[in-house]
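Just so you know, the protein sequences line up as chains B and D, in that order. End of the first sequence sits at 142 in the working numbering; the numbers just go up one at a time, nothing left out. End of the second sequence sits at 284 in the working numbering; the numbers just go up one at a time, nothing left out. Heads up, the beta-carbon is just placed ideally off N, CA and C, and yes, glycines get one too.
Protein chains: 2
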Amino acid sequence: MGLKEKLAGLNKKGSTLTIQRHAVLEYLYENRTHPTVEEIYHSLKEKFSAISKATIYNTLEFLKNHGLIQEITIERGKLRFDYEVKPHHHFFCHKCKHVYDVNVEGCPLAEKKMIDGHKIEELRPYIIGTCSKCLQKKRDSR
Amino acid sequence: MGLKEKLAGLNKKGSTLTIQRHAVLEYLYENRTHPTVEEIYHSLKEKFSAISKATIYNTLEFLKNHGLIQEITIERGKLRFDYEVKPHHHFFCHKCKHVYDVNVEGCPLAEKKMIDGHKIEELRPYIIGTCSKCLQKKRDSR
DNA sequence: TTCTTGACTTAGAACCATTCTAATTTTAAG
DNA sequence: CTTAAAATTAGAATGGTTCTAAGTCAAGAA
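Right, here's the structure in full:
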């Protein structure tokens, strides 16, 4: 979904499209690297020197609850966020700490609403390993 | 794999099977509820009043590196551990905070070693939602 | 057995990501 | 313009995890 479309969806009664919210969503739109909260905060701090970390957290929670962004908890004790909400797998390289999107065809959970009587609300298919770049570095260093 | 088998594997040179390590592994063997570090610590504290939290963390790391237990990072900012290391999906209920094992047949990643040039070392297929018990409670309260 | 060395454990401090709080500012509605 | 609700802010508080330095234990060497 485009940025304008998502922004438009926020201008409904009960919610306000503030400059801060606009900025956070726009940042995620432009940076598809699955940034951490810290990264988002530091970048926005340059534009909006008064912005507070609490606002970043509040805004990310707000955007998530409106289904506009996705939370990623792939790395120990650190939150990351993704502009793309369509279900897809994430790969985390424990060497360089990068998160990659990966496409997995034929996931049997893709369309499921329930499993074992539990209601499925969100899929978080995480894969941990060493990414192609780090594998290459290891080869080069031999 | 049985408890005795795993314990036996620890009595090799370079590593020591201490009382604490034995206790942690045994606790996980007996408690398949995907306990948090805090839960493990509190329970073992009753038996071994001198045991330290650092030991719990060290031991869990140690057991994980020996492939004897599995780390679960399904809940924001909290580690959980699982005696079972065979790949299986986990379901987290955001209402009651319980983690359930679920069996998913036909996962296309099950046997894969690589994806997009990245080396797969661990699968963490997490599902978030509302569990059957919490769904039932909601129904009852209407 | 005793000695020595390295591995392990301990208590508590430090760290750091996240959440909370209270005050202030902004927005929307009347 | 006024008012009330919502949003933002700075900084404190929280809480899970990691680090540190000191002490303890275990295994191999003599």
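Reduced DSSP secondary structure (H/G/I, E/B, other) of residue i
i                      : result
residue 271 of chain D : strand
residue 266 of chain D : strand
residue 181 of chain D : helix
residue 233 of chain D : strand
Cross-chain neighbours of residue i in chain B, by beta carbon under 7 Å
i                      : result
residue 250 of chain D : 104, 105, 106, 107
residue 285 of chain D : Beyond the ends of chain D as shown, which are 143 and 284, falls residue 285 of chain D; an answer cannot be given.
Closer than 8 Å to chain B by CB, residue i
i                      : result
residue 277 of chain D : yes
residue 195 of chain D : no
residue 262 of chain D : yes
residue 233 of chain D : yes
residue 201 of chain D : no
residue 182 of chain D : no
residue 284 of chain D : no
residue 185 of chain D : no
residue 191 of chain D : no
Residues that residue i bridges to, as DSSP identifies them
i                      : result
residue 224 of chain D : D:212
residue 115 of chain B : B:118
residue 104 of chain B : Answer by DSSP bridge pairing: none, since residue 104 of chain B is not bridged.
residue 166 of chain D : None; residue 166 of chain D has no bridge partner.
residue 147 of chain D : Residue 147 of chain D is not bridged to any residue.
residue 188 of chain D : Per DSSP, none; premise fails for residue 188 of chain D.
residue 75 of chain B  : B:78
Beta-carbon separation (whole angstroms), residue i vs residue j, contact threshold 8 Å
i                      : j                      : result
residue 177 of chain D : residue 222 of chain D : 6 Å
residue 92 of chain B  : residue 257 of chain D : At roughly 12 Å, the Cβ-Cβ gap does not stay under 8 Å, so residue 92 of chain B and residue 257 of chain D are not in contact.
residue 216 of chain D : residue 241 of chain D : 6 Å
residue 190 of chain D : residue 162 of chain D : 7 Å
residue 104 of chain B : residue 229 of chain D : The Cβ separation is near 14 Å, so there is no contact.
residue 202 of chain D : residue 227 of chain D : With 8 Å as the limit, residue 202 of chain D and residue 227 of chain D do not qualify as a contact, their Cβ atoms being about 13 Å apart.
residue 169 of chain D : residue 186 of chain D : 6 Å
residue 106 of chain B : residue 260 of chain D : About 19 Å separates the two Cβ atoms, so there is no contact after all.
residue 219 of chain D : residue 77 of chain B  : 6 Å
residue 225 of chain D : residue 174 of chain D : 6 Å
Neighbour flag for residue i against chain D, beta carbons, 8 Å
i                      : result
residue 97 of chain B  : no
residue 125 of chain B : yes
residue 2 of chain B   : no
residue 36 of chain B  : no
residue 69 of chain B  : no
residue 21 of chain B  : no
residue 9 of chain B   : no
Interface residues of chain B facing residue i [CB-CB closer than 9 Å]
i                      : result
residue 208 of chain D : Those do not exist, as residue 208 of chain D stays about 17 Å from chain B at its closest Cβ, beyond 9 Å.
residue 175 of chain D : In chain order: nothing, as chain B lies at least about 16 Å away.
residue 198 of chain D : By Cβ distance, chain B contributes nothing, its closest Cβ being about 16 Å from residue 198 of chain D, past 9 Å.
Interface residues of chain D facing residue i [CB-CB closer than 9 Å]
i                     : result
residue 81 of chain B : By Cβ distance, chain D contributes nothing, its closest Cβ being about 13 Å from residue 81 of chain B, past 9 Å.
Per-residue contacts from residue i into chain D (C-beta, under 8 Å)
i                      : result
residue 143 of chain B : Nothing in the structure corresponds to residue 143 of chain B, since chain B is present only between 1 and 142.
residue 100 of chain B : 258, 260
Interface residues of chain B facing residue i [CB-CB closer than 8 Å]
i                      : result
residue 158 of chain D : Ordered by position in chain B, no residue passes the 8 Å Cβ test against residue 158 of chain D, which lies about 26 Å from the chain.
Cβ-heavy atom distance, residue i to the ligand GDP, below 7 Å
i                     : result
residue 35 of chain B : Here there are no bound small molecules, and the ligand GDP is not part of this structure.
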